[in-house]
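The block underneath contains the structure these notes are about, expressed in structure tokens.
In this note's numbering, the protein residues as written are 189 to 447.
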């Protein structure tokens, strides 16, 4: 039941080239930076990443992107990364943009053992009808487009609407970050750092959590557990320095009126 591992390399043992990896975080909030750096150091490549976004230039998943380690990205928002845009438009990276709520539910559904679900989000758009550009060639021409998805009508409370079928997103590995964990893998996230971390963790066949503080079983109030340990296979306890290093995506300041 003790899921603590001794090193970052041990934490990602079994992560191989070509695997699909779910990564928690939102922007630079709650991202598993130490695990991302270890994936980079281990030389793993050709990865398909499922994450809300792809970090920024030189930080977060941007570290793997800059090194050319990503083959495909399934994400909701990618507007803060110039290298991401360059690779996508020049045919070096395949990108599947997915509505944010749909992406979260696709991950959660995988963790719940569901093959998919029906949603009204995307009906009447390229999400359902197909034709979204997934990959370009070096000249910017679209070479791979999204396929059309199955749609059907459902009637609920005497209202009939069209729905689109979205398949779940099971992943080989999940990399997440938590504020507190006990040795059994029960996790507590710090406020908005909860974001995509729980659903990413649920989707991974092997979930690895880097944690800022480790406590003994029973020290976390059951009502405060954000993710049960049943979804977590390995825990990497961060050093004080690693836990303290958190970057701000966009720093906003106000000029002092006294000046």
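Beta carbons are placed, not taken as given, at the ideal position from N, Cα and C, and that holds for glycine.
Got a sec, what are the start and stop residues for the alpha helix (DSSP H) residue i sits in?
i           : result
residue 338 : Unbroken run through residue 338: none, as it is neither H nor E.
residue 440 : Neither: residue 440 is in no alpha helix (DSSP H) and is coded neither H nor E.
residue 232 : Looking at the DSSP string, residue 232 is not in any alpha helix (DSSP H), and its letter there is neither H nor E.
residue 315 : 314–317
residue 274 : 270–277
residue 295 : 288–299
Just list the residues that DSSP pairs residue i with in beta bridges.
i           : result
residue 242 : In DSSP, residue 242 forms no bridge with anything.
residue 226 : Bridge partners of residue 226: none, in fact.
residue 253 : Bridge partners of residue 253: none, in fact.
residue 304 : 355
In its own chain, which residues sit with a C-beta less than 7 angstroms from the C-beta of residue i, not counting the 5 before and 5 after it?
i           : result
residue 356 : 294, 297, 298, 302, 303 and 304
residue 443 : none
residue 207 : 235, 360 and 361
Run the CB neighbour count on residue i, radius 10 Å, all protein chains shown included, and call it buried at 16 or more, exposed below.
i           : result
residue 418 : exposed
residue 344 : exposed
residue 213 : buried
residue 436 : exposed
With respect to the beta strand (DSSP E) encompassing residue i, which residues constitute its N-terminal and C-terminal limits?
i           : result
residue 321 : 321–324
residue 389 : It is not in any beta strand (DSSP E) - residue 389 instead sits in the alpha helix (DSSP H) that spans 385–391.
residue 347 : 347–355
For residue i, which residues in the same chain have their Cβ closer than 6 angstroms to its Cβ, ignoring the five residues on either side in sequence?
i           : result
residue 260 : 236 and 282
residue 203 : 232 and 361
Note down, in chain order, each residue of its chain lying with its Cβ closer than 8 angstroms to the Cβ of residue i, except the 5 sequence neighbours on either side.
i           : result
residue 314 : 320 and 334
residue 352 : 306, 307, 308, 309, 310, 311, 315, 316, 337, 338 and 339
Open item on the list: Count Cβ pairs between the region 374–385 and the region 332–341 that sit closer than 8 angstroms; are there 3 or more?
Closed with: Too few Cβ pairs lie closer than 8 angstroms, so no.
Task: Three or more C-beta pairs below 8 angstroms linking the region 229–242 and the region 316–330 - done: Three or more Cβ pairs closer than 8 angstroms define a contact, and the region 229–242 falls short of that threshold against the region 316–330.
Task: the region 210–230 in contact with the region 419–431 per 3-pair CB rule at 8 angstroms - done: yes
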